[in-house]
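Numbering (this note's numbering), first residue to last: 280 to 1253.
C-beta: ideal position from N, C-alpha, C; glycine also.
Take a look at the structure below.
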Amino acid sequence: MSHVELWSISRKIEDLGSELLNQELLNHETREFSTTRDQSYRKLNEKFVLLNRAKVLRQFNIQIDIDKIEKDCLELLESKIRTIYSNCEKLASKISQDYLLARGEYDNFNLYYCNLLSIRQEIKVIHLDIQCSIENIEGMLFDKVQIWEASIQSDPRLQNVVSNLKNIKQIANNIISFRVRMNERIDHILTIYKSWHDAKAFAKIGAALNQDRDGFGQSIVSEHELFHGFSLSLFNEKTKRHNIEYVLNNLKGTDIDTTRLRRRYDSFFSIYAKIIRENLHPDMKLDQLISDTKLILGNIRQNSDTITWDADVRGQIPKLAAHIFALWTLLQADHYFEAEGLDDRDNYLIQPHAAQVISIFRLLGIGDHNEKLMNHLVQIGTGEGKSIVLAVTAMILALADFDVNCACFSEYLASHIHYGTFNILCEGIINENGDIRQLVEKLISNSKDETRNMHSKNKRLKILFIDEVDVFFSRDFYGNVYTPSASWKDTTLKSLVKFIWTHRSSDLSLSEIQSTPEYKACQEKFPNWILLIDEAINDMIADVHSFQSHDYVVKNDKIGYIKQDNIVYNVIYGYKTLFAYYHEHEQGNISTESLHDNISIRIKCGSFSYAEIPLQFEYIMGVTGTLETLSDPEKKVINNNYKIVQNTFVPSVFGKNNLRFIEKDDIIIENSDDYFNRIKREIDDRITGKNSEKRAILVFFESKAKLMQFYQSSALESIKDSVVYLTEDASLQEKETIINRATVSGQITLFTRTFGRGTDFICHDQMVATNGGTHVIQTFLSEESSEEKQIKGRTARQGDQGSYCMILLDHELEKFHIDKSHIDDILKGKGVINRMASTITDTLRITKTYHTLYDFLHDRRTDLFKTQYEENMKYVEQAKEKHLSSQKFLSSLRSGEINSVREFLIKENRGVAGRSCSRTVCLMDATGSMTHLLHKCKNTVGIMFERTSEILKDHKMDSNSFQLQFAVYRNYNS
């Protein structure tokens, strides 16, 4: 090694040493969520490993002391870790000495403790016993919990029990890592207390906790199973005043016959009440009732030729619903028996509300003019029992011999409510006659007909239930396709992939790889499928050079991606994901076993249109909180394409909605200089309620980037200690803790828009509830009204108070064709010129006067949505073509047409061209004002590709011999 090379390496080692010495452990990345924090410490550990490996250079008489550099860096690192531990220990000590922490101190404890957990997991080069330090901190906290527990046992007076339970709950709600274990201790304490005292004494504990103003007592009542009966009694008391008369008087929809509905409901309720009276006793046996329930509709059978839904069946539906609800009530009647001696004992029973029963009858066509089974959508408010309506309706239809599928948009919701996502729905339809992936894998691996066992089953008629139907029409689904892919695994293929990875620094071509022993081994083993392997090689050559350019996360020994509201591990991006596994394995972040599990050739098995999947069901039904906000184009598709013509709007079981939103006053538009300051001022103005006590503030941002920009801005500096934020890359435990804390008095929480839908922000804090409730700030204008309604629905839940406003950035409104002059004119009461399409000229100019700025924003949003929707319909048509082609492939697979299957798979898995004769870069303006044109641009790009390919084919040229790259810019000044 030359002197110059040694000098250069020495400088790099010294620079690395300086970087490690100056490394702050508590930095922006380690203050993030666990995924980012773990990754930061993993990278730090890699730098120390690199420094240690540099010691091999001592044999070249390098002129720097690497051992000393490493020693100094390690000593300083360990010193910084000790400081984190010391700070964490001090806070734990305060708790152990009966000083409950302030919110900011809890945040600091979480920061220190979670960093210690990440250091223990990721830093391998230190000699500190981090495990011992962590156990010491845990011991201090749990020793204190034992003292509180002992106090309850020795002094069971009401106030002492409540006070000590609240102490433990405060730790559970504020310290992320201890939440589960602290809640388990509370459950243990409550179990013992309940075994020592009668129902009245336990109810008094519940009542005292529920009257607690700081919310910790109420969260115990709400979240712990032993108080479920008491919590249920409060709910029943709250909703009983809105009875069947209220529901029918306020019910809206198509073909409603309130007289017939009332008659059906009365029949239901008399049967339900009779079953409860006859069976509600401690030693009840329900086997006979279950058997009777199953036999109510008899041996009914549904098929495509004859659907049995006659007067006899319809007449039995109230009886069947009554039996199902009675079982629901009786199977959960433990709380009723435990409430013996209480005046409101009946409130301890889980009971259906009239609004839920009427919703089910409407979905089933019971009580309307025709009493037919029809496609139907029902609007039910947030937190008002959609899941119960879905479940009971699905049970009734299943007992009527229908095959019922329930689907929603969110993995988070699917895991909490126990039904599948739209993707799982697609899987079920595609694989109903056999797993398409397994069939393709076996067909290719064995090169013989493996499809002979793929027979069509005797199918029941299918019914689809959709939760939150407006999400189905978002661009994530409507106009998009679901593409299942098979994993082709073999030792010869693994050797081929490893060769491409090992030689990634070379400019490999397909022809060069075809001359290797690895390729020839594949060719010998799979002669009929070598073209498929060639296409995969082309893709690998492209992706092995570009895999680091795509965003992924490493967690749980897997490569994951952030989708909707979660990190998902079943998404694959070409071969980029595979080479990310190789890269992270070399960095020590992925195990050898995990790497080998993921080495395969991916085979796309068709593209199935989300829009076409519902058409494969006999009936489509759904519940949503936003039916009234659907746009005209969406309603048109629902009516014409999916034949959903029946709808119902169910009144709230909690009565009038108490959201305070004044359109005239609560829409604020600011320029970029004042935007963040205005959000901060809104927080300051709203944080103090009418009784001079603190409220809770939820602020929703369009993206994580915009959220972080505000969080790191100088505008927030003075209150930053009171602010936390939540984005999609948080763990489930982190999400639940932050959501739980978000409605506490004085708490300010920033969220990405994802959490504006389907997330329950339950307010237990009476200081918040009696001071105007939680205040929601939306910092962007939603393109869909439904999203805005969902975000509004994060407050004023179940009859509680709440308020909402929008603070918008003026130049972000450009995409809605709104400029400053429009805003000024409306504020001055002047009319605004609107443009409408004309058959005579390009546009008609019509002046319109708006009463409020909100009316104008809504008009422009609707116009943009219509434009985008029309363009998106072209994607729907393209997706339909792919869907039909894929359905034909499925048919060929079933019938064993191997040549057709092979031809389809090779075409579907066409790889990147090895050498391009032409390379073109297209530069696109993607600033706000161009938003309305981007969809048209995407469609035009598709047409451009198709026409270019056709021209090349006409001239006997390779249709893949050109490349197009698109560069997009969003900010002229960046």
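Out of the options, which has the shortest C-alpha to C-alpha gap to residue i?
{"i": "residue 602", "options": "963, 671, 1135", "result": "671"}
{"i": "residue 599", "options": "1099, 550, 447", "result": "550"}
{"i": "residue 536", "options": "432, 647, 640", "result": "647"}
{"i": "residue 991", "options": "955, 436, 385", "result": "955"}
{"i": "residue 238", "options": "947, 1002, 357, 1018", "result": "Residue 238 cannot be examined here, being either before or after the span of the chain that is shown, 280 to 1253."}
{"i": "residue 1149", "options": "754, 1021, 512", "result": "754"}
{"i": "residue 1140", "options": "416, 964, 1113", "result": "1113"}
{"i": "residue 366", "options": "347, 392, 851, 396", "result": "392"}
{"i": "residue 1132", "options": "1160, 1060, 1153", "result": "1060"}
{"i": "residue 644", "options": "611, 592, 615", "result": "592"}
{"i": "residue 984", "options": "1031, 1014, 738, 965", "result": "1031"}
{"i": "residue 824", "options": "861, 583, 1246, 1151", "result": "861"}
Does residue i pass the burial test, meaning 16 or more other C-beta atoms within 10 Å, or should it be called exposed?
{"i": "residue 297", "result": "exposed"}
{"i": "residue 1092", "result": "buried"}
{"i": "residue 475", "result": "exposed"}
{"i": "residue 1201", "result": "exposed"}
{"i": "residue 381", "result": "exposed"}
{"i": "residue 429", "result": "exposed"}
{"i": "residue 1224", "result": "exposed"}
{"i": "residue 803", "result": "exposed"}
{"i": "residue 996", "result": "exposed"}
{"i": "residue 1119", "result": "Because residue 1119 sits at a pLDDT of 41, beneath the cut-off of 50, its placement in the model cannot be relied upon, and the point is left open."}
{"i": "residue 1082", "result": "buried"}
{"i": "residue 694", "result": "The pLDDT assigned to residue 694 is 45, lower than 50, so where the model puts this residue is not dependable, and the model offers no usable value."}
{"i": "residue 573", "result": "exposed"}
{"i": "residue 1178", "result": "exposed"}
{"i": "residue 1248", "result": "exposed"}
{"i": "residue 888", "result": "buried"}
{"i": "residue 689", "result": "Caution is warranted here: a pLDDT of 49 is assigned to residue 689, below 50, making its placement in the model unreliable, and the coordinate value is therefore given only provisionally. Per the 10 Å Cβ criterion, buried."}
{"i": "residue 1184", "result": "buried"}
Is the beta carbon of residue i less than 9 Å from the beta carbon of residue j?
{"i": "residue 706", "j": "residue 796", "result": "no"}
{"i": "residue 495", "j": "residue 523", "result": "no"}
{"i": "residue 1043", "j": "residue 501", "result": "yes"}
{"i": "residue 1256", "j": "residue 533", "result": "Outside the modelled stretch of the chain, which goes from 280 to 1253, sits residue 1256, for which no answer is possible."}
{"i": "residue 587", "j": "residue 595", "result": "no"}
{"i": "residue 387", "j": "residue 370", "result": "yes"}
{"i": "residue 822", "j": "residue 853", "result": "yes"}
{"i": "residue 487", "j": "residue 441", "result": "yes"}
{"i": "residue 563", "j": "residue 513", "result": "no"}
{"i": "residue 784", "j": "residue 910", "result": "no"}
{"i": "residue 1003", "j": "residue 1022", "result": "no"}
{"i": "residue 1260", "j": "residue 973", "result": "Nothing can be reported for residue 1260, as the shown portion of the chain is limited to 280 through 1253."}
{"i": "residue 900", "j": "residue 744", "result": "yes"}
{"i": "residue 719", "j": "residue 1180", "result": "yes"}
{"i": "residue 605", "j": "residue 555", "result": "yes"}
{"i": "residue 435", "j": "residue 385", "result": "no"}
{"i": "residue 882", "j": "residue 811", "result": "yes"}
{"i": "residue 448", "j": "residue 465", "result": "yes"}
{"i": "residue 395", "j": "residue 364", "result": "yes"}
{"i": "residue 654", "j": "residue 921", "result": "yes"}
**Prompt:** Are at least three pairs of beta-carbons, each pair with one atom in the stretch 645-661 and one in the stretch 899-914, less than 8 Å apart?
**Reply:** yes
* To do: Examine the Cβ distances between the stretch 963-977 and the stretch 1048-1061 and report whether three or more of them are shorter than 8 Å.
  => Contact holds between the stretch 963-977 and the stretch 1048-1061, because three or more Cβ pairs, one in each stretch, are under 8 Å apart.
Do the stretch 365-379 and the stretch 417-428 touch if we need at least three Cβ pairs shorter than 8 Å? yes
Query raised in the report: When the Cβ atoms of the stretch 1182-1191 are set against those of the stretch 815-829, are three or more pairs found closer than 8 Å?
Result: Segments in contact, yes.
Mind pulling the beta strand (DSSP E) runs of 3 or more residues that sit fully within the stretch 842-883? 845-847, 880-883
| field | Inter-stretch contact (C-beta, 8 Å, three-pair minimum) for the stretch 940-948 and the stretch 532-546 | value | no
Are the stretch 924-932 and the stretch 1093-1105 touching by the rule of at least three beta carbon pairs closer than 8 Å?
-> no
Worksheet item: Can we say the stretch 336-355 touches the stretch 865-882, given the rule of at least three CB pairs closer than 8 Å?
Response: Segments in contact, no.
Would you list, in sequence order, the uninterrupted beta strand (DSSP E) runs of no fewer than 3 residues that lie entirely inside the stretch 698-775? 741-746, 764-767
Ignoring anything shorter than 3 residues, give me the beta strand (DSSP E) runs that lie fully in the stretch 537-622, in order along the chain. Unbroken beta strand (DSSP E) stretches of 3 residues or longer found wholly inside the stretch 537-622: none.
- With a cut-off of 8 Å, do at least 3 Cβ pairs link the stretch 309-327 to the stretch 391-400? Touching, yes, given that three or more Cβ pairs across the two stretches are closer than 8 Å.
* Could I get the ranges of all uninterrupted alpha helix (DSSP H) runs contained in the stretch 930-994, with 4 residues as the minimum, in chain order? => 954-966, 983-990
What are the uninterrupted segments assigned as alpha helix (DSSP H) that are 4 or more residues long and contained completely in the stretch 380-437, given in chain order?
-> 382-401, 409-433
Hey, which unbroken runs of the alpha helix (DSSP H) at 4 residues or more fall wholly within the stretch 429-498? Look at the stretch 429-498 and you find these whole runs of alpha helix (DSSP H), each 4 residues long or longer: 437-453, 458-475, 478-489.
If we require 3 or more residues per run, which beta strand (DSSP E) segments fall completely within the stretch 1143-1212? 1197-1204
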